[in-house]
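Structure first, then comments.
Protein chains: 4
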Amino acid sequence: MSRNHPREHGSELFIGLDVGGSKVLAAEIDADGHLVTTALRITPGRRVPVPLVEDALTEAVDEVAAGRPISGVGLAAAGFVDAAGERVMFAPHLPWRSDPTRSRLEARWGVPVAMDNDANCAARAELALGAAAGTQSALMITLGTGIGGGLIVDGKLRRGRNGMSGEFGHMQVVPDGHPCECGRAGCWEQYASGNALVRYARSRLDSPSYTQQTSLEEACGGLPEQLTGPMIAEAGRAGDRLAQRAFTVVGEWLGVGIANLVAAFDPEVVVVGGGVSAAGDLLLDPARAALRDSLVAASEREIPDVVPARFGPEAGVVGAAAMIRDAVAARG
Amino acid sequence: MSRNHPREHGSELFIGLDVGGSKVLAAEIDADGHLVTTALRITPGRRVPVPLVEDALTEAVDEVAAGRPISGVGLAAAGFVDAAGERVMFAPHLPWRSDPTRSRLEARWGVPVAMDNDANCAARAELALGAAAGTQSALMITLGTGIGGGLIVDGKLRRGRNGMSGEFGHMQVVPDGHPCECGRAGCWEQYASGNALVRYARSRLDSPSYTQQTSLEEACGGLPEQLTGPMIAEAGRAGDRLAQRAFTVVGEWLGVGIANLVAAFDPEVVVVGGGVSAAGDLLLDPARAALRDSLVAASEREIPDVVPARFGPEAGVVGAAAMIRDAVAARG
Amino acid sequence: MSRNHPREHGSELFIGLDVGGSKVLAAEIDADGHLVTTALRITPGRRVPVPLVEDALTEAVDEVAAGRPISGVGLAAAGFVDAAGERVMFAPHLPWRSDPTRSRLEARWGVPVAMDNDANCAARAELALGAAAGTQSALMITLGTGIGGGLIVDGKLRRGRNGMSGEFGHMQVVPDGHPCECGRAGCWEQYASGNALVRYARSRLDSPSYTQQTSLEEACGGLPEQLTGPMIAEAGRAGDRLAQRAFTVVGEWLGVGIANLVAAFDPEVVVVGGGVSAAGDLLLDPARAALRDSLVAASEREIPDVVPARFGPEAGVVGAAAMIRDAVAARG
Amino acid sequence: MSRNHPREHGSELFIGLDVGGSKVLAAEIDADGHLVTTALRITPGRRVPVPLVEDALTEAVDEVAAGRPISGVGLAAAGFVDAAGERVMFAPHLPWRSDPTRSRLEARWGVPVAMDNDANCAARAELALGAAAGTQSALMITLGTGIGGGLIVDGKLRRGRNGMSGEFGHMQVVPDGHPCECGRAGCWEQYASGNALVRYARSRLDSPSYTQQTSLEEACGGLPEQLTGPMIAEAGRAGDRLAQRAFTVVGEWLGVGIANLVAAFDPEVVVVGGGVSAAGDLLLDPARAALRDSLVAASEREIPDVVPARFGPEAGVVGAAAMIRDAVAARG
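Chains as they are written, first to last, in this note's numbering: chain B, -17 to 314; chain H, -17 to 314; chain R, -17 to 314; chain G, -17 to 314.
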């Protein structure tokens, strides 16, 4: 790998590196957040020795650099990253355990490295270049199978004492409610996520109110367990009443939880990303209405906009690059 | 009023001024948070012309200063204060309406003035001199008839876009739950506040499980509507089973809501103040247990301590003085 | 008062007597349930000696009889009536306390007397001559400020061990929900009653979703506490969106509770009476939809019809007359 | 099979036949409810032709009769039985579908046959010979993986319009609560059943409040998914705090649901059977306390006793025999 050369104006190369559960994506990101060149690897898995995993990361970074000097690498890790951004404490699909990953990679590569978890990197992408750009305070909510989050206060991402802020998905919103994978019950992500969307639609397929009036029955071949979020999104856009009802119910829960967070943080904007957010206003309009209805003192304040994220699946790699760009700039 | 003289080391006079719904309290606060001298006035009311109200404030400040030069006045207002700390937007018991109170008082008095709402001033007191001193991140929760709050991130109180952050009491924790004075239902303060404590005890006075076994019946003279929080606290300390059950139920709800906030913020410490917190561990032990049980990834993080506030009813005036002290120091 | 003469075919005089909280209504009811002649008195109150109250009842009965022989009197009492139908155990607005009312009136008047509480008499009216006529099993649900009920199994009204069956309104449907006048919380009648309807509409008057779009604001003169159920019903029929939403929300809760009862009883029909039911399908259509959606094994059973009651405010007096007519017939 | 001979006093042979999901049990039951002789077969399954299944039933009955004349056979079927007791509408593990099972078996065997579903047969056993004997009104609640039930009013089991009364387990007690196998959410059986018990204990195994203080960790070999109800019952009896807490939580929910049913039915006694009830007062004491606390007008009525069932797994076969004994007696 090439060493870091004196930077010339406009020629800096910042690389984002997103290490997820199934794949490693490295990318050169330009100053506007576009992916210039990319390199992809399969995630080696959690039983592979750490050096081999880091070989894969090195290969991906080298492929993107293609011999050019690197100004810095930002690493987005699918796991818990400590408050200092130094260690991966735990990652379900990777071998790092309380591991000083950042400093070792920085030593190995000889370039500045910064590290954060993937949800926070997504928030960094929106803050630097996306839907939260220019704001002082924002909430980033990522809707996938569960809910991830990031917290921006006074213009900076805030990571908390343990690096674990933004776990919005596990606010309890229903006493004795749906059991959650976290071992408790009634967590917000059981009501406002991709899983919630699919569960709602599956449970209503046989309802006398919808039977023979919904295209979802056919979409899943009569097998409710085969029904997926994208099927529901497509049916919803085509006007299917059950699919739209599922987005309304999930969207209303989304808005109720956002109202809780806005009461606590009073941010300027709420950015909603993740796969489910692709449904757009089908999801966000009920969320906005529920936010207005559920927010304390709504008539005496400016209610934050609820906007879709700019970045989709590439949010992590873009935010990782933005993070190292900022870190290098801050060091002068 | 005396003008601000050149400061000599140790001779600075910072005055806190707490303008509440029923009284105005001015106090000289020393560097350790003790009240040195105080002056009290009755709050003139919301139909009195603004200049008359400000005359009362001026009198109270002058009485405390007693001719000495004033280095600054911090004003804690029982109402909404805008994000800039310049205007009182609305105060239920005072005539200010979208009023540039801070700058006008600064002009009138010729000394630096800073302003915030009373819940935030309580948080400032704990941050500067109390239970949150030395921490980078903390939540301040004030339990009175409802719940007030303050949010400390990276060592500073954060006030939000509208100056309305910290409205923790209106997180919805029960769908279709207790109606709240705010016009919605299921708000946290309906389950974890002084009002919740009293309501629980009242409703169980006639329960076959407690009748003739609780001293509360006698304490309220057989009239449940006469039962008060202090009666329940006293009975609880004396071992009354219904009173203790009331604190356990309210404490568990307190812990559940704290877990929601900790999941979102990941703070170092949670400070609980306000009148109900005088019950101490009778309230806080169930809250701590519920926090451990309800917090996501509890076993993989440092769980914040839940501690009683240092300051009681004088928290507002202490925090107001701390605020102006900091503001003057920051201006150099 | 005339004594009971040998009955001639078609000439029997059965009198219903409804002793409510504010008035006493006696009426001759014909075999089709029509009121032929009536007499009205003011309820004397609970501090008046029992004999004086019974004088008022006697006067009302005599006025209706007008010298004709009486075949029997049915008494509907606004209070708890014991399992045997002999005693009024407690009546909030009347002086009877564990009082053998039935036998004393029977002795005084020299005619057969039968007695039950008013909600059960309403159910008897519907069973004998109204919406439940000809059914073997039915639920009667009376929606007023709260919820009353009656239970018909195998063709007969069933009164339970204490004469207290049919207290459907106090099923708990929300854990830690709305406080109820009964001292507990989350009771069904807090969500599906006239009070629930009014509370919903009041709380939304200021919602940004409805303000300036609802006629209710004007109907109550801008004073939410002056808003009443009839105002909401009228606005709903005229198409007001907030009023209709209030009926939808209350109707859905009505249907959820009905589904609970149908799962337990499996009746043929559900009859909904009381003042709120005057709204008709505005209320009942959402209830029917929620019943279909909430009822276990809905697709494998005949779902009971949810129908409006035949009788309105006169249900008690009609049912009381039907009760004594049946009792006399049963004795041969 | 022997035909029905003229009955001699004391010599009648009534056979109960319980056709469950995994086995067929036939038994001669004496007048006191004891099993005199039994015969067991494996349930053939739902894809086997109906005649073959009925051959198995015939064999079991013949084995018990051993050549003696049979006075009648009572059949308890694990499925939906219609209101007339003539047809099995649906049985998940058997081939009957809207099948006139009773009359065909009666014709084949030449003896009187009566039929009901298994939960109702359990209630019949308790009514005839067990914990509800001598009562006019009772609720039978069977706690297994879910909740089954039976409804006794005025001395008789009441089966409802569709033969589906007693589905107490699917009352909705939590809005948006735990998803239920029935396709809805928040059903009572998700909170007060064997499944609820196991889920609670599993979810708390890793709680900081219990870890290293509970024997359940060892009982399940560190694998929460291996934890079973009997393990929890045993640990609870031995004083394990987590196991006892699980029974308390489930017992309280049991009591809340019983209170709902008692408010509606006002019965003399509530009988709790099924596997979970073997825990006895560990489960029933919290249920009794919650019933007292949750029941409307508890202080003005006789609260029904909550008692354990007399019969365990053999409740179905005993009740089936009692049913045919009564039916033959009624025919004279």
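Quick reminder that beta carbons are idealized off the backbone N, C-alpha and C, glycines included. These figures come from a predicted structure and were not determined experimentally.
- In the DSSP annotation of this structure, the continuous segment of the alpha helix (DSSP H) that includes Gly218 (chain H) starts and ends at Gly211 to Arg219.
- Taking the beta carbon of Cys103 (chain H) as reference, no residue of chain B falls within 9 angstroms; the closest one sits roughly 17 angstroms away.
- At least one C-beta of chain R is nearer than 7 angstroms to the C-beta of His160 (chain H).
- Rounded to the nearest angstrom, the gap between the Cα atoms of Ile24 (chain R) and Phe(-4) (chain R) is 22 angstroms.
- For Ser191 (chain R), the secondary structure class from DSSP, reduced to helix, strand or coil, is coil.
- Contact annotation, Gly130 (chain B) with Gly151 (chain B): C-beta distance approximately 7 angstroms; criterion of less than 8 angstroms satisfied.
- By the beta-carbon neighbour count (other beta carbons within 10 angstroms, threshold 16), Pro161 (chain R) is buried.
- When 7 angstroms is used as the limit between beta carbons, Val278 (chain R) is near these residues of chain G: Glu149, His152 and Cys164, in chain order.
- Residue contact check for Ser189 (chain R) against chain B: a CB pair falls below 7 angstroms.
- In the structure shown, the three-state DSSP call for Arg307 (chain G) is helix.
- Under the 10 Å beta carbon count, Asp275 (chain H) is surrounded by 16 or more other beta carbons and is classified as buried.
- In this chain, the alpha helix (DSSP H) harbouring Glu36 (chain G) covers Val32 to Ala47.
- Contact check between the region 26 to 34 of chain H and the region 2 to 21 of chain R: fewer than three CB pairs, one atom from each, fall below 8 angstroms, which does not count as touching.
- What Asn99 (chain G) touches in chain R, judged by beta-carbon distance under 7 angstroms, is nothing: the nearest beta carbon there is about 12 angstroms away.
- Within the model, the alpha-carbon separation for Leu121 (chain H) versus Ala309 (chain B) is close to 28 angstroms.
- CA-to-CA, the gap between Arg283 (chain B) and Ala113 (chain B) works out to about 21 angstroms.
- Bounds of the beta strand (DSSP E) holding Pro290 (chain B) are Asp287 to Pro290.
- Annotated three-state conformation of Thr19 (chain H) is strand, per DSSP.
- At a beta-carbon threshold of 7 angstroms, none of the residues of chain G lie near Tyr192 (chain B); the nearest stands roughly 12 angstroms away.
- Counting only residues of its own chain and dropping the five nearest sequence neighbours on each side, Phe72 (chain R) has a CB closer than 7 angstroms to the CB of Gly61, Phe62 and Arg79.
- Under the criterion of beta carbons closer than 8 angstroms, Asp158 (chain G) and Pro212 (chain H) do not qualify as touching, at roughly 37 angstroms.
- By the criterion of at least three beta-carbon pairs nearer than 8 angstroms, the region 52 to 59 of chain B is in contact with the region 77 to 97 of chain B.
- When the five nearest sequence neighbours on each side are left out, the beta carbons in the same chain lying within less than 8 angstroms of the beta carbon of Gly262 (chain H) are those of Pro290, in order along the chain.
- The straight-line gap separating the alpha-carbon atoms of Arg69 (chain B) and Val180 (chain G) is approximately 37 angstroms.
- Val63 (chain H) sits in a strand when the DSSP states are folded into three classes.
- Membership of Thr83 (chain B) in the alpha helix (DSSP H) is indicated by the continuous run Thr83 to Trp91.
- In the structure shown, Pro51 (chain R) falls within a coil segment according to DSSP collapsed to helix, strand and coil.
- In this structure, the beta-carbon distance from Gly298 (chain R) to Asp100 (chain R) falls below 7 angstroms.
- The beta carbon of Ala58 (chain B) sits closer than 6 angstroms to the beta carbons of Asp0, Asp100, Cys103, Gly298 and Ala302 from its chain, once the five residues preceding and following it are set aside; these are given in chain order.
- Straight-line measurement puts the Cα of Leu133 (chain H) at about 13 angstroms from the Cα of Ser119 (chain B).
- Between the beta-carbon of Glu149 (chain G) and that of Ala269 (chain R) there is about 19 angstroms, and that puts the pair past the 8 angstroms contact cut.
- Among the residues facing chain B, Ser119 (chain H) is included, as its CB has a counterpart in that chain under 7 angstroms away.
- Residue environment for Val18 (chain H): exposed (fewer than 16 other C-beta atoms within 10 angstroms of its C-beta).
- When CB distances to chain R are screened at a threshold of 8 angstroms, not a single residue of the region 199 to 219 of chain G falls below it.
- Cys164 (chain G) carries a coil assignment under DSSP once its states are collapsed to helix, strand and coil.
- Short of 7 angstroms from the beta carbon of Gly137 (chain H), and not among the five residues preceding or following it, lie these beta carbons of its own chain, in chain order: Gln118.
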